[in-house]
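Notes to accompany the following structure.
There are 2 protein chains.
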Amino acid sequence: MKETKHHIPFEITESLIVGLKVLIDSNDDNAILALLKDVHYADIAELLDDLSLDQATYVIKLLDSETTADILAELEDDVREKVLQNLSIKEIVEEIQELDSDDAADLLADLSPDRKQKVIAQMDDKDLVADVQELLTYAEDTAGGLMAKELVKVYETWTVAGCLRKIRAQAKDVKRVHSIYVVNKEEKLIGRLSLKDLLIANNEIKIIDIYIPKVDSVHVDEDAEEVAKLMAKYDLEAIPVINDNKVLLGRITIDDIVDVIIEEAEKDYQLAAGITQDVDAEDSILALTRARLPWLFLGLLGGVGAAVIMGGFETIIEDFPMILLFTPLIAAMAGNVGVQSSAIIVQGLANDEVRGSVNNRLIKEMFLAALNGIILALFLFVFILAWKQDFGTALAISLSLVVVIIVAGIIGTFIPLSLHKKGIDPAIATGPFITTCNDIFGILIYFSIAKFILNI
Amino acid sequence: MKETKHHIPFEITESLIVGLKVLIDSNDDNAILALLKDVHYADIAELLDDLSLDQATYVIKLLDSETTADILAELEDDVREKVLQNLSIKEIVEEIQELDSDDAADLLADLSPDRKQKVIAQMDDKDLVADVQELLTYAEDTAGGLMAKELVKVYETWTVAGCLRKIRAQAKDVKRVHSIYVVNKEEKLIGRLSLKDLLIANNEIKIIDIYIPKVDSVHVDEDAEEVAKLMAKYDLEAIPVINDNKVLLGRITIDDIVDVIIEEAEKDYQLAAGITQDVDAEDSILALTRARLPWLFLGLLGGVGAAVIMGGFETIIEDFPMILLFTPLIAAMAGNVGVQSSAIIVQGLANDEVRGSVNNRLIKEMFLAALNGIILALFLFVFILAWKQDFGTALAISLSLVVVIIVAGIIGTFIPLSLHKKGIDPAIATGPFITTCNDIFGILIYFSIAKFILNI
Chain A
1 MKETKHHIPF EITESLIVGL KVLIDSNDDN AILALLKDVH YADIAELLDD LSLDQATYVI
61 KLLDSETTAD ILAELEDDVR EKVLQNLSIK EIVEEIQELD SDDAADLLAD LSPDRKQKVI
121 AQMDDKDLVA DVQELLTYAE DTAGGLMAKE LVKVYETWTV AGCLRKIRAQ AKDVKRVHSI
181 YVVNKEEKLI GRLSLKDLLI ANNEIKIIDI YIPKVDSVHV DEDAEEVAKL MAKYDLEAIP
241 VINDNKVLLG RITIDDIVDV IIEEAEKDYQ LAAGITQDVD AEDSILALTR ARLPWLFLGL
301 LGGVGAAVIM GGFETIIEDF PMILLFTPLI AAMAGNVGVQ SSAIIVQGLA NDEVRGSVNN
361 RLIKEMFLAA LNGIILALFL FVFILAWKQD FGTALAISLS LVVVIIVAGI IGTFIPLSLH
421 KKGIDPAIAT GPFITTCNDI FGILIYFSIA KFILNI
Chain E
1 MKETKHHIPF EITESLIVGL KVLIDSNDDN AILALLKDVH YADIAELLDD LSLDQATYVI
61 KLLDSETTAD ILAELEDDVR EKVLQNLSIK EIVEEIQELD SDDAADLLAD LSPDRKQKVI
121 AQMDDKDLVA DVQELLTYAE DTAGGLMAKE LVKVYETWTV AGCLRKIRAQ AKDVKRVHSI
181 YVVNKEEKLI GRLSLKDLLI ANNEIKIIDI YIPKVDSVHV DEDAEEVAKL MAKYDLEAIP
241 VINDNKVLLG RITIDDIVDV IIEEAEKDYQ LAAGITQDVD AEDSILALTR ARLPWLFLGL
301 LGGVGAAVIM GGFETIIEDF PMILLFTPLI AAMAGNVGVQ SSAIIVQGLA NDEVRGSVNN
361 RLIKEMFLAA LNGIILALFL FVFILAWKQD FGTALAISLS LVVVIIVAGI IGTFIPLSLH
421 KKGIDPAIAT GPFITTCNDI FGILIYFSIA KFILNI
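Residue numbers (the numbering used here), protein chains in the order written: chain A, 1 to 456; chain E, 1 to 456.
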């Protein structure tokens with residue numbers, strides 16, 4: 001068991017990073033060790049993310065493997081992969097043997113097939129090797145990819161006293177005992193016990209007489225996001241993982257699920273903002289460009305499309321140039337309404353709150369958009385009338401605004417719903433995608449209506 | 001302790017909701033009880049959110065208070081407030097006495113001051129009354145507002161055997177024992193024990209000899225979001241809460257923190273999409289309009305501003321009408337770049353990853369935007385040249401695009417950073433706010449540059 005030696009919250013400042021870099025560059029090992037003594041591995045991992053690869057590797061090689069194993073498990077994926085390339089097979093073996101099976105498997109998965117084999121061949125702990133090799137067979141974003149093999153398991157035939165003895169032995173390998181899982185002789189999960197129950201129970205009683213026969217579990221192939229939803233909804237701190245035959249394979253703890261929830265939320269937020277890859281503010285200009293350029297390019301195509309459409313309405317532009325002044329307004333409103341309605345659908349789908357038929361939802365959004373559109377159009381109508389004293393133009397633009405907002409709302413509702421139906425993550429539809437669609441449709445509708453009204 | 005009787009995941013279907021409504025309307029109590037038997041309270045709460053207020057109240061009154069207390073704690077705030085108004089003081093007292101102190105305090109906070117006093121006066125459990133009255137003094141979004149008073153606490157002078165006896169008594173009131181907190185005779189938190197440690201330890205040993213003296217804790221006034229960040233980062237499942245004198249006041253468990261993380265993520269996502277209040281797809285058209293209209297109105301003002309600006313460039317419009325065809329493109333690109341750069345800053349600030357000077361960050365964003373802008377402008381230049389064979393116009397528009405993208409990136413970076421510096425949540429700056437700012441600036445820059453180049 002690990003003792004908590006650090007003080008939280010630990011603040012990572014610019015000067016701390018600069019100071020650490022200076023110490024590394026001058027090879028002042030003692031000062032580095034003193035600086036990082038009692039600092040939590042999660043904080044050291046955050047510090048290392050801000051160093052160069054060589055500097056990070058230097059620190060990893062300097063610290064003892066008990067600490068660095070946990071640091072490696074916390075590092076960002078791209079940094080970790082590069083740091084691992086700088087470590088020898090022997091060093092990696094030392095790190096991995098310090099870790100729980102789930103973190104060990106994640107680390108191994110970052111190695112090349114060749115190095116992975118070499119590391120496994122040199123590992124002494126054959127139980128860990130077996131566990132890790134099993135875990136490596138599951139997809140990363142499934143229950144199997146999240147679970148650890150470490151858990152406390154008792155057989156239904158044991159007594160409370162026998163249980164306590166066995167648990168003391170098993171518990172040494174398990175960081176936190178959440179539940180004690182009860183299995184039958186075929187290793188099938190049949191129930192659970194809490195440590196608390198066991199403490200209160202009489203020593204001679206058999207497990208079969210006190211265990212709780214109903215126990216929540218997830219299938220090993222269940223989607224990681226679904227597991228996260230379940231654990232969040234039912235306030236679970238750990239959940240056992242089973243296979244088709246109900247054999248107990250491992251358990252997932254809430255700390256790993258918290259990471260899944262945060263990553264998922266960040267991904268959705270970035271998708272809505274038009275960022276296609278997981279980047280952060282500290283990434284390189286090139287990495288940020290790779291993540292940002294694709295949606296911008298889509299926006300460019302949308303803008304070019306809009307220009308071509310407008311170019312097709314040559315006569316209306318010549319006769320009523322005022323119409324052109326309001327195209328940015330129409331495009332912006334179409335984009336905003338589309339993003340709003342798609343965001344609500346995306347969130348509703350994520351929370352399993354969107355039920356009922358697609359038609360009902362589209363009708364609701366239509367009324368909603370119409371209400372919003374009419375209120376906004378009234379303001380716009382009054383403004384244009386006051387500004388240009390041209391009733392026909394004011395009417396044409398305002399009326400178009402209502403129709404554009406309704407269509408934008410419907411597109412924003414329909415696209416994520418239909419993507420979801422096809423099994424595609426609806427979050428990709430938010431942001432620039434909806435905005436661009438709506439820009440083009442909005443301008444097409446706007447000019448068509450304006451042409452129709454003004455030519456009467 | 002509660003047994004897990006339900007099967008998860010439990011699927012809430014449209015037909016289940018309709019069926020339940022029919023049963024309620026025909027007062028078929030036995031059928032309702034049979035239908036909801038063994039259903040988890042979190043699922044019943046989700047079902048009730050989809051019923052009318054009267055229907056929801058009917059179900060609450062029908063079920064036993066042990067179940068309904070948990071349901072009430074899970075209901076959405078607005079639904080709960082209304083259901084509580086339909087319950088008698090006596091009914092509310094029964095519900096509250098079933099709950100842990102944190103949920104009980106949340107329920108009481110939803111009552112009018114008058115009804116709150118009446119409920120408290122009728123509560124038998126005086127310990128719970130004292131706990132709840134203390135909890136009601138803390139702000140909702142602080143550690144104090146999140147914590148529960150239920151925890152397992154031992155004094156440093158006790159022995160392991162004595163501890164186990166006392167813990168068995170205390171543990172009956174505590175759903176899950178995460179850590180055992182060790183206090184001195186002044187009730188100051190001095191360390192912790194895990195149940196596992198206690199199980200492994202010898203009965204005669206004193207706590208003072210085996211406890212872990214360093215223990216993470218948060219101050220009772222700490223911001224809820226900061227607590228969430230801490231617990232997520234350091235993989236904590238529970239954290240004790242202390243006051244200025246280090247006196248142990250309560251503890252926060254990870255299940256409540258998961259809710260904070262999810263709510264925060266949803267709020268940020270909605271802000272980015274231009275939704276100002278917490279709404280979901282099932283809310284009424286009026287509630288959705290209230291949440292959506294403010295940002296749309298801002299967008300309308302932005303569009304009107306853009307129209308006025310463009311109106312001021314009359315001569316350029318008359319001489320070079322093509323310029324107007326590309327205003328939607330310019331506005332869209334300015335908006336997209338602004339949202340991208342602000343989203344990265346907002347997320348970086350949320351993760352405490354944004355360090356270093358504001359100037360450095362603006363310079364980085366400038367280079368990034370310039371790189372993106374030049375790539376996109378090259379495409380645009382070739383397209384316009386091919387379409388209209390007009391070198392001057394193609395140059396003017398493409399060059400403007402580069403400048404507009406750079407300015408949009410800088411605005412998108414600067415606004416959230418300066419809001420954060422002033423202690424305002426930078427998430428409000430994303431979405432429509434940045435988009436609208438950038439629309440106006442973008443168009444102003446676009447026309448100024450076009451006028452300058454084309455008039456040469």
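Beta carbons: idealized from backbone N, C-alpha and C, even for Gly. Just so you know, these numbers come straight off a predicted model, no measurement behind them.
**Request:** Give me the Cα-Cα distance between E:G19 and E:L199, rounded to the nearest whole angstrom.
**Result:** 50 Å
**Request:** Identify the contact partners of A:H40 in chain E, using a Cβ-Cβ distance below 7 Å as the criterion.
**Result:** Y234
**Asked** Is DSSP giving E:D439 helix, strand or coil here?
**Response** helix
**Request:** Please confirm if E:A332 has its CB atom under 9 Å from at least one CB of chain A.
**Result:** yes
**Request:** Determine whether the Cβ of E:W158 lies closer than 9 Å to any Cβ atom of chain A.
**Result:** no
**Request:** For A:Q270, decide whether its Cβ has a neighbour in chain E, counting only Cβ atoms nearer than 9 Å.
**Result:** yes
**Request:** Please determine, among A:E282, A:E226, A:D216, A:Q340, the residue with the shortest C-alpha to C-alpha distance to A:A273.
**Result:** A:Q340
**Request:** Mind listing, in chain order, the continuous alpha helix (DSSP H) runs of no fewer than 4 residues lying wholly within the region 21–80 of chain E?
**Result:** 29–36, 41–49, 53–62, 65–74
**Message:** For a quick check, are the C-beta atoms of E:D43 and E:I12 less than 9 Å apart?
**Reply:** yes
**Request:** Determine the closest residue to E:A291 out of E:D280, E:L301, E:A69, with distance taken between C-alpha atoms.
**Result:** E:D280
**Message:** So the candidates are E:A287, E:S398, E:L380; which of them puts its Cα closest to the Cα of A:I344?
**Reply:** E:A287
**Request:** Please confirm whether E:E76 and E:A143 have their CB atoms less than 9 Å apart.
**Result:** no
**Where the beta strand (DSSP E) containing E:Y269 begins and where it ends** = Here E:Y269 belongs to no beta strand (DSSP E); instead the alpha helix (DSSP H) covers 254–272.
**Asked** Nearest CA to the CA of A:D54: which residue from A:E204, A:N86, A:Y446?
**Response** A:N86
**Message:** Is the beta carbon of A:I309 closer than 9 Å to that of A:I443?
**Reply:** yes
**Asked** What residue from E:T253, E:D78, E:A224 has the CA that sits closest to E:L236's CA?
**Response** E:T253
**Message:** Using 9 Å as the threshold, is the C-beta distance between A:V319 and A:L417 below it?
**Reply:** Residue identity check: residue 319 of chain A is Asp in the sequence provided, not Val. Contact: no.
**Request:** Starting from A:G423, trace the alpha helix (DSSP H) both ways and give me its first and last residue.
**Result:** Here A:G423 belongs to no alpha helix (DSSP H), and DSSP marks it neither H nor E.
**Prompt:** With distances taken between CB atoms, is the gap from E:E156 to E:I205 smaller than 9 Å?
**Reply:** no
**Message:** Taking 9 Å as the threshold (beta carbon to beta carbon), is E:M231 in contact with chain A?
**Reply:** yes
**Prompt:** Which word fits A:L378, buried or exposed, when buried means at least 16 other C-beta atoms lie within 10 angstroms of its C-beta?
**Reply:** exposed
**Prompt:** With respect to the beta strand (DSSP E) encompassing E:V220, which residues constitute its N-terminal and C-terminal limits?
**Reply:** E:V220 -> no beta strand (DSSP E), and no H or E assigned at all.
**Item:** Ranges of the beta strand (DSSP E) found wholly within the region 147–205 of chain A, counting only runs of at least 3
**Value:** 152–155, 180–183, 189–193
**Message:** Given a cut-off of 9 Å on the beta-carbon distance, is the pair E:A331 and E:D439 in contact?
**Reply:** yes
**Prompt:** Does DSSP put E:P240 in a helix, a strand or coil?
**Reply:** strand
**Element boundaries [alpha helix (DSSP H), containing A:F313]** = Run containing A:F313: none; DSSP gives neither H nor E here.
**Item:** As assigned by DSSP and simplified to three states, the class of A:G356
**Value:** coil
**Prompt:** From E:C437 to E:N336, what does the alpha carbon distance come to, in whole angstroms?
**Reply:** 12 Å
**Prompt:** Once you ignore the five residues that flank E:A449 on each side, which residues in its own chain have a CB closer than 7 Å to its CB?
**Reply:** According to the sequence displayed, residue 449 of chain E carries Ile and not Ala. Around E:I449: A396, L399, S400, V403.
**Request:** Starting from E:E226, follow the alpha helix (DSSP H) in both directions and report where the run begins and ends.
**Result:** 224–233
**Item:** Best match in A:P426, A:Q389, A:K421, A:I434 for proximity to A:I411 [C-alpha to C-alpha]
**Value:** A:I434
**Message:** Does chain A have any CB closer than 9 Å to the CB of E:G302?
**Reply:** yes
**Prompt:** With DSSP run on the structure shown, which of helix, strand or coil describes A:E3?
**Reply:** Its pLDDT being 40, under 50, A:E3 is placed unreliably in this model, and the value from its coordinates should be taken loosely. DSSP places A:E3 in coil when its eight states are reduced to three.
**Message:** Using a Cβ-Cβ distance cut-off of 9 Å, determine whether E:F297 contacts chain A.
**Reply:** yes
**Prompt:** Quick one, are the C-beta atoms of A:E266 and A:D278 less than 9 Å apart?
**Reply:** yes
**Item:** Classification of E:T137 by the beta-carbon crowding that lies within 10 angstroms, buried from 16 upward
**Value:** exposed
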